[in-house]
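Chemist: First the structure, then my questions, so here it is.
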Amino acid sequence: MDTSAATVVIMIASDRAADAEQVRSLLHAEFRHVFVSTAADTEPGDFVRYRPNVLVLAFDTLEKSERYYLELNRMCEEVQQQPLRTVILCNRHEIKQVYDLCKKGYFDDYILFWPLTDDSSRLAMSIHHALHDLAARKSEGPTAAEFAAQARHLSELGKKLDQQIVQGGLHIDVASQALQRASLGVDTALDKFSQRLIAGALPETVEVKSADGMEAEIRRLKREDVQPQFNAAFETTLPLKQWAQQLKQEVAPLLKSARTLNDMAGHIRPTVLVVDDDEVQRVIIDNLLTAHDYNLLFARDGLEALNVLRNKHPDLILMDMMMPNMNGLETMRRLKVMPGLAKTPVIMITGKSEGDVVVDCMKAGAVDFVVKPFDPATLVDKIAQALKAAALP
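Mind the numbering: the sequence shown is residues 10 to 402 in my numbering, read in order.
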């Protein structure tokens, strides 16, 4: 996605055409694609039509901006399916509230704009900051947790390789010893056969006219025909043993690096996003998971969670079923189509254990669920199992 000033798409949303035009006039000279949406009943249509990279909320009150954005998220799934930055214009009486909302990730930036801005270039600067954020998101590599998961896989591979090398060496030793025993066994068998012939134990089969000649022939047979075969077979195992020893020496530094990576991975805490409108429940989960060394993010409802997920990619999402604005099922359906989140495991928390609720959870993409009031140990175990399964290649 190209997010330069020449290609970025900006949509200005307002309920007053004059205000929207005022904002557009500050941007159109620097940005080519600036559109206005003022019809409340066509919000989703305008968003789908323009597919903006930056949404400017140019309402004269915070309450109007929040209501518009809430309805836009409810009615338009495309909001979650593309990279988007939001800039809200506010008055001086609402700065603290807007600041708190941006800090929580509900909006991305704010500008003191109403009733009249003293810095007309501040809005354009905010757009450029939004473009930088979008470009950074596009070039983002794997998360630390993803690296940690792969490091653990590498460590497991190293352990298995080390075990296979040891087992391979043992197998070669066993084969060598078996050849040596077989050689001795054949020698013994030939000696016994020779002794029986000389002693006349097989008169009806073979007549020995010269005992010395028979012994000499048996010795020749062992020396020239039998033993060379065993020696040749034994010698074929020597390169294998040397190869196994050399391989072990060569991979030793790599195995050490794998163990070091695994130790480092142990210091990276998995991040869990907790989505629940119940403050008491959030505190309980906070205390529980913090004690088990998880890094936590919180959202009070589905819409706030979707906004958090624009900038953060947790390793697991723990989501309540029943929430205001957008319930857990709808939130999960939407986050599953957001870039980079399709494989993020979601565990649902529900107050109902009916079969249809469970089926709906699993169909929507949940990996597991817990029923309130949940057992703390059970929840911790399910989170650990889900993270382990998600880390498998």
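For glycine and all other residues, C-beta sits at the position ideal for the given N, C-alpha and C.
Compare the beta carbon distance of His42 and Ile19 with 8 Å and say whether it is the shorter of the two.
Modeler: For the purposes of this step, residue 42 is taken as the residue at position 33 of the sequence shown. For the purposes of this step, residue 19 is taken as the residue at position 10 of the sequence shown. Cβ atoms of His42 and Ile19: closer than 8 Å.
Chemist: Let's see if you can read the secondary structure: which residues bound the alpha helix (DSSP H) around Arg33?
Modeler: For this step, residue 33 is matched to residue 24 along the sequence shown. Looking at the DSSP string, the run of the alpha helix (DSSP H) that includes Arg33 is Ala26 to Leu36.
Chemist: So, is Tyr108 buried or exposed, given that buried needs 16 or more other C-beta atoms within 10 angstroms?
Modeler: Stepping through the sequence shown from its first residue, residue 108 is reached at position 99. It counts as exposed.
Chemist: Just the Cα atoms here: how many angstroms apart are Glu339 and Asp171?
Modeler: To locate residue 339, count along the sequence shown from 1; it is residue 330. To locate residue 171, count along the sequence shown from 1; it is residue 162. Rounded to the nearest angstrom, the two C-alpha atoms are 47 Å apart.
Chemist: Going along the chain, which residues of its own chain have a beta-carbon closer than 8 Å to the beta-carbon of Glu86, five neighbours each way excluded?
Modeler: Here the question's residue 86 lines up with position 77 in the sequence shown. Contacts found: Arg343 and Val346.
Chemist: Assign Met10 to one of three DSSP states: helix, strand, or coil.
Modeler: Residue mapping note: residue 10 aligns to position 1 of the sequence shown, counting from 1. Low confidence applies here, because Met10 scores a pLDDT of 48, under 50, leaving its location unreliable and the question unanswered by this model.
Chemist: Could you give the first and the last residue of the continuous beta strand (DSSP E) run that contains Cys111?
Modeler: Residue numbering aside, residue 111 sits at position 102 when the sequence shown is read from its first letter. From DSSP, Cys111 is part of no beta strand (DSSP E) but of the alpha helix (DSSP H) over Ile104 to Lys112.
Chemist: Looking at the structure shown, is Leu305 part of a helix, part of a strand, or coil, going by DSSP?
Modeler: On the sequence shown, position 296 is the one that residue 305 refers to. In this structure, Leu305 counts as strand in the three-state DSSP scheme.
Chemist: In terms of DSSP beta bridges, what is Tyr59 paired with?
Modeler: Counting from 1 along the sequence shown, the entry for residue 59 is found at position 50. Tyr59 pairs with nothing; no bridge assigned.
Chemist: Three-state secondary structure (DSSP) at Thr387?
Modeler: Taking the sequence shown and counting its residues from 1, one reaches residue 387 at position 378. Three-state result, Thr387: helix.
Chemist: For Phe307, which of Ala29, Gly114 and Glu72 has the nearest alpha-carbon?
Modeler: In the sequence shown, the residue the question calls residue 307 occupies position 298. Closest by alpha carbon: Gly114.
Chemist: Taking Val292 as part of the alpha helix (DSSP H), name the residues at either end of that continuous run.
Modeler: Numbered from its first residue, the sequence shown carries residue 292 at position 283. Taken as a continuous stretch (DSSP letters only), the alpha helix (DSSP H) holding Val292 covers Glu288 to Ala300.
Chemist: Contact defined as beta carbons within less than 8 Å: I believe Ser23 pairs with Thr47. What is the distance between those atoms, to the nearest angstrom?
Modeler: The residue you call residue 23 lines up with position 14 of the sequence shown. The residue you call residue 47 lines up with position 38 of the sequence shown. Contact holds; Cβ gap of about 6 Å.
Chemist: Using the Cα positions of Gly15 and Met357, report the straight-line distance between them to the nearest angstrom.
Modeler: Start at 1 with the first residue of the sequence shown, and residue 15 comes out as number 6. Start at 1 with the first residue of the sequence shown, and residue 357 comes out as number 348. Note that residue 15 is Ala in the sequence shown here, rather than Gly. Using only the alpha carbons, I get a separation of about 43 Å.
Chemist: Does DSSP put Met20 in a helix, a strand or coil?
Modeler: Counting from 1 along the sequence shown, the entry for residue 20 is found at position 11. Met20 falls in the strand class under three-state DSSP.
Chemist: What does DSSP give as the partner residue(s) for Ile356 in the beta ladder?
Modeler: What you label residue 356 is simply residue 347 of the sequence shown in a count that begins at 1. Bridge partners of Ile356: Leu327 and Asp377.
Chemist: Are Leu66 and Tyr77 closer than 8 Å when you measure CB to CB?
Modeler: Within the sequence shown, residue 66 is the residue found at index 57, counting from 1. Within the sequence shown, residue 77 is the residue found at index 68, counting from 1. Result yes, Cβ atoms of Leu66 and Tyr77 sit closer than 8 Å.
Chemist: Is it a yes or a no for the stretch 117 to 124 touching the stretch 369 to 382, going by three-plus beta-carbon pairs under 8 Å?
Modeler: With a cut-off of 8 Å, the stretch 369 to 382 and the stretch 117 to 124 do not count as touching, because too few Cβ pairs lie within range.
Chemist: Using only alpha-carbon positions, find the residue among Asp69, Leu79 and Gln90 that is nearest to Ile104.
Modeler: The count along the sequence shown starts at 1 and reaches residue 104 at position 95. Answer by Cα proximity: Asp69.
Chemist: Name the two residues that bound the continuous alpha helix (DSSP H) containing Leu70.
Modeler: Counted from its first residue, the sequence shown places residue 70 at position 61. In the sequence as displayed, the identity of residue 70 is Thr instead of Leu. Counting along the chain, Thr70 falls outside any alpha helix (DSSP H), and DSSP gives it neither H nor E.
Chemist: Looking only at C-alpha atoms, which of Ser130, Val367, Ile294 and Leu98 sits nearest to Asn304?
Modeler: Along the sequence shown, read from residue 1 onward, the residue named residue 304 stands at position 295. For the residues Ser130, Val367, Ile294 and Leu98, the minimum Cα distance to Asn304 belongs to Ile294.
Chemist: Pop quiz: Leu327 and Val281 are said to be a contact at Cβ under 8 Å. What is the actual Cβ separation, rounded to whole angstroms?
Modeler: As a first step, residue 327 is located in the sequence shown; it is residue number 318 there, counting from the start. As a first step, residue 281 is located in the sequence shown; it is residue number 272 there, counting from the start. Rounded, the Cβ-Cβ distance is 6 Å, consistent with contact.
Chemist: Between which two residues does the beta strand (DSSP E) harbouring Leu282 extend?
Modeler: Translated into the one-based positions of the sequence shown, residue 282 becomes position 273. Element bounds for Leu282: Thr280 to Val284.
Chemist: Taking the alpha helix (DSSP H) that Asn316 belongs to, which residues open and close that run?
Modeler: Numbered from 1 along the sequence shown, position 307 holds the residue referred to as residue 316. Its alpha helix (DSSP H) spans residues Gly311 to Asn320.
Chemist: What would DSSP say about Cys85, mapped onto helix, strand or coil?
Modeler: By 1-based counting over the sequence shown, the position of residue 85 is 76. It is coil, neither helix nor strand.
Chemist: So what does DSSP say about Tyr119, is it helix, strand or coil?
Modeler: Here residue 119 is taken as the residue at index 110 of the sequence shown, counted from 1. Reduced to three states, the DSSP call for Tyr119 is strand.
Chemist: Can you tell me whether Gly337 is buried or exposed, with buried defined as 16 or more other CB within 10 angstroms of its CB?
Modeler: Counting from one through the sequence shown, the residue named residue 337 turns up at place 328. By the neighbour-count rule (16 or more Cβ atoms within 10 Å), Gly337 is buried.
Chemist: Between Gly360 and Lys381, how many whole angstroms is the CB-CB distance? I'm expecting something under 8 Å.
Modeler: Numbered from 1 along the sequence shown, position 351 holds the residue referred to as residue 360. Numbered from 1 along the sequence shown, position 372 holds the residue referred to as residue 381. Between Lys381 and Gly360 the Cβ distance is about 5 Å, and since that is below 8 Å, they are a contact.
Chemist: Please classify Met84 as buried or exposed, where buried requires at least 16 neighbouring CB atoms within 10 angstroms.
Modeler: Stepping through the sequence shown from its first residue, residue 84 is reached at position 75. Result: exposed.
Chemist: Might you give, ordered along the chain, the residues of its own chain that have their beta carbon closer than 6 Å to the beta carbon of Ala29, omitting 5 neighbours on each side?
Modeler: Against the sequence shown, residue 29 aligns to sequence position 20. For Ala29, where only same-chain residues beyond five positions count, the Cβ hits under 6 Å are Ile21, Ser23, Val45, Thr47 and Ala67.
Chemist: Relative to the C-alpha of Ala300, which residue among Glu80, Ala398, Val389 and Leu98 is closest?
Modeler: For the purposes of this step, residue 300 is taken as the residue at position 291 of the sequence shown. Here the closest residue by C-alpha is Val389.
Chemist: Enumerate in chain order the residues of its own chain whose CB-to-CB distance from Ala110 is below 6 Å, with the five nearest sequence positions on each side excluded.
Modeler: Within the sequence shown, numbered from 1, the residue matching residue 110 stands at position 101. Correcting the residue identity first, residue 110 is Leu in this sequence and not Ala. The residues are Phe116.
Chemist: Report the three-state DSSP secondary structure of Asn100 (helix, strand or coil).
Modeler: One-based indexing of the sequence shown puts residue 100 at position 91. Correct three-state label for Asn100: strand.
Chemist: Within its chain, find whatever has a CB closer than 8 Å to the CB of Arg60; leave out the 5 residues flanking it on each side and keep chain order.
Modeler: Translated into the one-based positions of the sequence shown, residue 60 becomes position 51. The residues are Val18, Glu87 and Gln91.
Chemist: Out of Asp324, Asp384, Val368 and Asp365, which has the shortest C-alpha to C-alpha gap to Ala398?
Modeler: Here residue 398 is taken as the residue at index 389 of the sequence shown, counted from 1. Selected option, being the one with the closest Cα: Asp324.
Chemist: Comparing C-alpha positions only, which one of Ser130, Gln290 and Asp142 sits nearest to Asn62?
Modeler: Position 53 of the sequence shown, counting from 1, holds the residue named residue 62. Of the candidates Ser130, Gln290 and Asp142, the one whose C-alpha sits nearest the C-alpha of Asn62 is Asp142.
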